[in-house]
Amino acid sequence: MALEIKVLDFGDIELESSFLVLGRGCGRVSRVHTYGFLILGGQYPIVVDTGYRDNAIMETLGMRGLQFHENMIQNQLARHGVKMGDVRYVCHTHLHIDHAGKDDHFAMNTTVVVNRREMECSVSGLMHPQYPKPDIQHLIERLHTPQALRFEDLELSGPIELIPGVVLEAANAHTEGSMNVHVETAEGRATICGDVIYDFQDQIIEPYHVIYSHEVQVTGNHAGSKRSEKAAIKKLLNSSKFLLPVHDKSAKIERGQVIGRLDMAVPGPISQTVQRRAWFPV
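According to my numbering, the sequence shown is numbered sequentially starting from 625.
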């Protein structure tokens, strides 16, 4: 059975526009989605990213959380016939406030998978409060519970296969320990890329304030160099057929270009692999 990806809607966030795309709309508020992903078709379900803990915690970053009952992770999983206890792995593209806020909803026999460098960053104090205490404290508890936490060292090891068809790879962008999750679907490779890309339109399709050919724009929130950010985005565009960021609609890629977007308004469970009608051209 081919692997497929379901989109989980964890609510919205309101924040300054230039946080998402460098230099864009300084002082102007933008509203973005916060997605997670459910990988089905393997022996066990896998969740990638868990959203933010609650609306109040987003205020610590000067942002507004818009999370409601239907956005709770157990309700999102239930839409696809999955219970919390069914999930074998929870993988994190990284551990920022809006990506790892619901890990404590999973029992300790669900293994959380993190790139070790990202865990190191989360306790270093360098990006406080983007790594909030309740989320990281829970991961420390997992650190001392057998089988509750799994580390990878992707910068050194190279890509690692988690299960057949699911590969973890260092993103080398956004945070020092971010990772991409590659999923082999019936229609080709789909990559869950976290926050390496925030906004397809203004970073890639029509890059904001970019004059060079085949250039991309970076986000306003990255820990590395602008050169490494650009290279990481270009690598994604040239290695996957589908790109799934956490804060924008997924994109279909061909020859390094965005050729379609996933219409999240299509009713019913949206699959990256079977509902072609959910894609609309750029």
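Just so it is clear, CB atoms sit at the ideal spot from N, CA and C, and this is done for glycine as well.
This one's a predicted model, so the numbers in the text were calculated from it and none came from an experiment.
With residue i as the anchor, note down where its alpha helix (DSSP H) starts and where it stops.
| i | result |
| --- | --- |
| F643 | S641 to L644 |
| R766 | K757 to L767 |
| M751 | That residue, M751, is in no alpha helix (DSSP H); it is neither H nor E in DSSP. |
| S852 | K850 to L861 |
| E808 | Counting along the chain, E808 falls outside any alpha helix (DSSP H), though it belongs to the beta strand (DSSP E) covering M803 to T809. |
| E779 | L778 to S781 |
Spell out the partners DSSP gives residue i in its beta bridges.
| i | result |
| --- | --- |
| C715 | V672 and V737 |
| Q881 | E878 |
| T815 | H806 and L867 |
| E830 | E830 pairs with nothing; no bridge assigned. |
| P905 | G884 |
| G689 | I637 |
| R774 | V737 |
To the nearest angstrom, how far is it from the Cα of residue i to the Cα of residue j?
| i | j | result |
| --- | --- | --- |
| A702 | L662 | 11 Å |
| L627 | G705 | 16 Å |
| V820 | T799 | 9 Å |
| S849 | A875 | 25 Å |
| Q667 | H871 | 28 Å |
| L780 | G801 | 12 Å |
| T897 | V790 | Per-residue confidence for T897 stands at a pLDDT of 39, beneath the threshold of 50, marking its modelled position as unreliable; the derived number appears in the next sentence. C-alpha separation (whole angstroms): 15 Å. |
| V711 | L719 | 19 Å |
| R901 | I629 | Bear in mind that a pLDDT of 42 at R901, under 50, signals an unreliable position, so the model cannot answer this. |
| L914 | E742 | Residue 914 cannot be examined here, being either before or after the span of the chain that is shown, 625 to 906. |
| V671 | K707 | 11 Å |
| T809 | I697 | 24 Å |
| H716 | V737 | 6 Å |
| P756 | G647 | 26 Å |
| R740 | L867 | 24 Å |
Going by DSSP, what residue range makes up the beta strand (DSSP E) through residue i?
| i | result |
| --- | --- |
| Q698 | Looking at the DSSP string, Q698 is not in any beta strand (DSSP E); the run it does join, the alpha helix (DSSP H), is I697 to A702. |
| I681 | I681 -> not in any beta strand (DSSP E); alpha helix (DSSP H) instead, spanning N679 to M682. |
| E793 | V790 to A794 |
| V656 | V653 to L664 |
| E785 | I784 to I787 |
CB-CB under 7 Å to residue i, same chain, minus the five flanking residues each way: which ones, in chain order?
| i | result |
| --- | --- |
| N695 | D633, F634 and G635 |
| N796 | S852 and A856 |
| V906 | I829, V882, I883, G884 and R885 |
| E785 | V791 |
Does the ligand ADP have a heavy atom nearer than 8 Å to the CB of residue i?
| i | result |
| --- | --- |
| V834 | The ligand content of the structure shown is nil, which means the ligand ADP is not present either. |
In chain order, what residues of the same chain lie with their CB nearer than 6 Å to the CB of residue i, ignoring the 5 residues before and after it?
| i | result |
| --- | --- |
| D722 | T658 and Y676 |
| G812 | K865 |
| D759 | A724 and G725 |
| Q691 | G635 and N679 |
I'd like the list of long-range same chain contacts for residue i, defined as Cβ closer than 8 Å, with 5 residues on each side in sequence excluded.
| i | result |
| --- | --- |
| R688 | I637, E638, L639, N679 and M682 |
| N862 | G880 |
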